[in-house]
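**Q**
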Amino acid sequence: MKTTIRFVAAVLVTVLFLFPIYWLFTISFKTPDEIFSYPPVWWPENLQSSNYTVLFRDGDVLTIWNSLVVASVSTVAAMLIGTMCAYAIARFRTGGEHFSIWVLSQRMVPPIVVVFPIFLLYVQLGLVDTYLGLIILYTAFNLPYVVWMMRGYLQEIPREIEESALVDGCSRLQVFTKIVLPLARTGLFATAVFTFVFAWNEFLFALVLTRSAITTFPVQVTHYFGGQSNFWAKISAMSVLGTVPIFLAVAFLQRYLVRGISLGAVKG
Amino acid sequence: MTTHPPVHRHDRRFGYAMITPAVVVILFIGLFPLVWTLLVSVQNISLIDEDTSFQGLMNYRRLLFDQRFWEALGHTLLFTGIALPLELLLGLLLALLFLDHLPGRQIFVALLVMPTVISPIVAGAAWRLLFDNRFGPINQVISWFAGEPVTILWLNDPNFVYAAILIAEVWQWTPFMFLLLFASLTNVDPSLGEAARIDGAGFWRILWSITLPVIRPVIVIALLIRGLDLFRLFDVVWALTKGGPGTRTETISIYAYVQGFQQFETSYTAAMAFVIIVILSILVIAALKRVEIAR
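Sequence lines, in order, name chains D and F.
Throughout the first sequence, residue numbering follows numbering that gives the first Met the number 0, covering 0 to 267 in sequence.
Throughout the second sequence, residue numbering follows numbering that gives the first Met the number 0, covering 0 to 294 in sequence.
1) Skipping 5 residues on each side, what residues in its chain have a beta carbon closer than 7 angstroms to that of Val236(F)?
2) With DSSP as the reference, label Phe130(F) as helix, strand or coil.
3) Cβ atoms of Val145(D) and Thr221(D): under 8 angstroms apart, would you say?
4) What did DSSP end up calling Phe18(D) once you bin it into helix, strand or coil?
5) Can you say whether Arg60(F) is buried or exposed, counting buried as having 16 or more other CB atoms within 10 angstroms of its CB?
6) Which same chain residues end up closer than 8 angstroms to Ala70(D) when comparing Cβ atoms and leaving out the 5 residues on each side of it in sequence?
7) Out of curiosity, what's the CA-to-CA distance linking Pro39(D) and Thr52(D)?
8) Distance check for Ile160(D) and Phe204(D), CA to CA, integer angstroms please.
9) For Ala270(F) and Gln139(F), what's the separation of their Cα atoms in angstroms?
10) Mapping DSSP to helix, strand and coil, what is Thr144(F)?
11) For a contact meaning CB atoms closer than 7 angstroms, what does Ser252(F) contact in chain D?
12) Give me the Cα-Cα distance between Pro114(F) and Asp59(D), rounded to the nearest whole angstrom.
13) With distances taken from CA atoms, which of Thr79(F), Leu129(F), Leu77(F), Phe27(F) is nearest Trp22(D)?
14) Within 10 angstroms of the Cβ of Leu87(F), are there 16 or more other Cβ atoms? Answer buried if so, exposed if not.
15) Out of Ala221(F), Trp203(F), Gly192(F), point me to the one whose CA is closest to Phe175(F)'s CA.
16) Rounded to a whole number of angstroms, what is the C-alpha to C-alpha distance between Leu227(F) and Ile275(F)?
17) Would you verify that the beta carbon of Phe263(F) is, or is not, closer than 8 angstroms to some beta carbon of chain D?
18) Ignoring anything shorter than 4 residues or poking outside the region 48 to 86 of chain D, list the alpha helix (DSSP H) runs there in chain order.
19) For Phe118(D), which residues in the same chain have their Cβ closer than 6 angstroms to its Cβ, ignoring the five residues on either side in sequence?
20) Less than 8 angstroms separating the beta-carbons of Ala248(D) and Thr74(D)?
21) Going by DSSP, what residue range makes up the alpha helix (DSSP H) through Ile166(F)?
22) Ala21(F) and Gly81(D): beta carbons closer than 8 angstroms?
23) DSSP puts Phe53(F) in a beta bridge; with which residues?
24) Let me make sure I understand the geometry here. Which of Gln42(F), Ile106(F), Phe27(F) has the alpha-carbon closest to that of Glu264(F)?
25) Using a 10 Å radius around the Cβ and a threshold of 16 neighbouring Cβ atoms, would you call Asn58(F) buried or exposed?
26) Looking at the unbroken alpha helix (DSSP H) that takes in Tyr121(D), where does it start and where does it end?
27) Taking only beta carbons into account, state which residues of the region 5 to 20 of chain F come closer than 7 angstroms to chain D, listed in chain order.
28) If contact means a Cβ-Cβ distance below 8 angstroms, which residues of the region 31 to 48 of chain D contact chain F?
29) Quick check on Arg247(F): does DSSP put it in helix, strand or coil?
30) 8 angstroms is my cut-off, CB to CB: does Ser211(D) come that close to chain F?
31) Please report the residue range of the alpha helix (DSSP H) in which Tyr152(D) lies.
32) Between Thr25(D) and chain F, is any beta-carbon pair separated by less than 8 angstroms?
33) If contact means a Cβ-Cβ distance below 7 angstroms, which residues of the region 73 to 107 of chain F contact chain D?
34) Please state the DSSP three-state secondary structure of Ala200(F).
35) Give me the chain C residues within the contact set of Gly151(D), using Cβ-Cβ distance strictly less than 9 angstroms, ordered along the chain.
36) Ala94(F) and Leu211(F) - do their beta-carbons sit closer together than 8 angstroms?
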């Protein structure tokens, strides 16, 4: 009886939280008549895909590709550099407590503070509107998160396993790549998902540091705000296209998710 | 606390080699902007002006009398002060709803995470469509209850725009709070509450006196993470109102963006950035102190 009430409440809450996503999703398949109907249409009947084909025809969909390149490469880079750093901290306490705190404190700096000097530096270096520019920035911004998450995971690996490998003649680097990384793969997956999601969703840096060549998808979505008469169709279709990869990643790595979030908070 | 065995010299060298790439990247992106910001803030650089003379604290003085800046700070604190407790409370209620066994719990959790993982710009876009005065469903639902057509201009009416932004913000981040609290609550040893229950303590009493104190560290860190995020609130507001109507919903991040990238006031923006860091540091240290004292 009590479980039934809770179940009904859970369904209601879930429906309520998913409704905005449902609305966005249905609008992306609606005809202009249905989009601009009053009162609004809750159950669209003539689903059509022309809102999407327009994005493909005009090449707007390339911004998804840009996001994919920037988010993937920066995730790999941040995972690599951050995990190395985390291992040194976890095993050898390199740099002491101050170094760990310093790394974490980098995450507290508001993006608006760094984006301006970075922009001027990037103008000098010719990094504005380049993949490399955004990749460096996203790598750096995700580093503190990777270091602190991976530190937690790496501390759980028993020293004895590494020591026996050292006795067997492995170098420290071999221990790291052949023993530690495979043992920490759960943590690597969980951390990589969040790193990817951060980079994929980021807006402010992308807004400032891209022009037209490598516009990312969140920036592209804001280009449709106001102005054009068909902007609702484009907003919704582009948003859905840009959200599908995230939902796939999250669904695929569902079992690491709660653990990934909670470990970061508990140990961070 | 585990005791650490001594670190050999060659291991120490290996350790330094391992952290070097991270240090280089963080210095490039982290330290350079801070130093640069401080240097530029005492000059008179603007991208539409050749003059770069030393200005001392003039930019800071100007900031002191810039009403728009203080209003932006006020909006930021208003959003943070309302959204943060709301997200915590709603997240906690959600976590309690799912805590005991519930059929299909995994699926619910997988679905509820969705608002949190989508881009804040997409969240803003979704709410823009929902809040539309004519073609959006929110006014329609209100009309049903009101019994007459309601056409609230959610994003243009100063009376409603704060509520609109807060609804979108709380919608997106309550699931984040929920996941954190849910994960830590499921790790709490159930036997802790058993004894109290035998002594006649009710559900809420056990929650308040036993369960919540146990997960307190997680609550504190969740509040810190979300508090910092809210303090630099940009994306959702940008997607919904761009700071409007007028400057009614400008946050400090939006105001700094406008000054730096639309007015090209380089030095002034740098001064503002530095003041933001100082305010943030004070708030964080004060928050941490409170936590320490209360512990």
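Every residue gets a Cβ at the ideal spot worked out from N, C-alpha and C, and that includes glycine.
What you are looking at is a predicted structure, and each value in this text was computed from that prediction instead of being measured.
**A** Working from what's here:
1) Hits under 7 angstroms: Ile164, Gly242, Thr248, Thr250, Ile253.
2) In the structure shown, Phe130(F) sits in coil (DSSP, three-state: anything other than H, G, I, E or B).
3) No.
4) Three-state DSSP puts Phe18(D) in a helix.
5) Its Cβ having fewer than 16 others within 10 Å, Arg60(F) is exposed.
6) So the qualifying residues of the chain are Tyr137, Phe195, Ala198, Trp199.
7) Their Cα atoms are separated by approximately 24 angstroms.
8) Taking the straight line joining both Cα atoms gives about 42 angstroms.
9) Gln139(F) has its alpha-carbon roughly 46 angstroms from the corresponding atom of Ala270(F).
10) Note that residue 144(F) is Phe in the sequence shown here, rather than Thr. Helix, per DSSP.
11) Contact annotation for Ser252(F) against chain D: Pro109, Ile111 [CB-CB distance below 7 angstroms, chain order].
12) For Pro114(F) and Asp59(D), the distance between alpha carbons rounds to 24 angstroms.
13) That would be Leu129(F), whose Cα lies nearest to the Cα of Trp22(D).
14) Here Leu87(F) is buried, its C-beta having at least 16 other C-beta atoms within 10 Å.
15) With respect to the C-alpha of Phe175(F), the residue from Ala221(F), Trp203(F), Gly192(F) having the closest C-alpha is Ala221(F).
16) Leu227(F) and Ile275(F) have their C-alpha atoms some 12 angstroms from each other.
17) Output row for Phe263(F): interface = no.
18) Within the region 48 to 86 of chain D, complete alpha helix (DSSP H) segments of at least 4 residues are found at 49 to 57, given in chain order.
19) These residues qualify, in order along the chain: Val207.
20) No, the Cβ-Cβ distance between Ala248(D) and Thr74(D) is not below 8 angstroms.
21) The continuous alpha helix (DSSP H) containing Ile166(F) extends over residues 160 to 185.
22) A contact, by the Cβ cut-off of 8 angstroms.
23) Phe53(F) is bridged to Gln42(F).
24) Ranking Gln42(F), Ile106(F), Phe27(F) by CA distance to the CA of Glu264(F) puts Gln42(F) first.
25) Around the beta carbon of Asn58(F), a 10 Å sphere encloses 16 or more other beta carbons of the protein chains shown; the residue is thus reported as buried.
26) That run of the alpha helix (DSSP H) goes 110 to 124.
27) If the cut-off is 7 angstroms between Cβ atoms, the region 5 to 20 of chain F has Val6, Asp10, Arg11, Phe13, Gly14, Tyr15, Met17, Ile18, Pro20 near chain D.
28) Flagged, chain order: Ile34, Phe35, Ser36, Tyr37, Pro38, Pro39, Trp41.
29) DSSP places Arg247(F) outside both helix and strand once states are collapsed to three, so it counts as coil.
30) For Ser211(D), the answer is no, since every Cβ of chain F falls outside 8 angstroms of its Cβ.
31) Run containing Tyr152(D): 130 to 154, per the alpha helix (DSSP H) assignment.
32) Chain F contact via Cβ: absent.
33) Of all residues in the region 73 to 107 of chain F, the ones placed with a Cβ closer than 7 angstroms to any Cβ belonging to chain D are Leu93, Leu96, Phe97, Leu101, Pro102, Phe107, in chain order.
34) Reduced to three states, the DSSP call for Ala200(F) is coil.
35) Among the chains of the structure shown, chain C does not appear; the protein chains present are D and F.
36) No; because the gap between Cβ atoms is not below 8 angstroms, this pair is not in contact.
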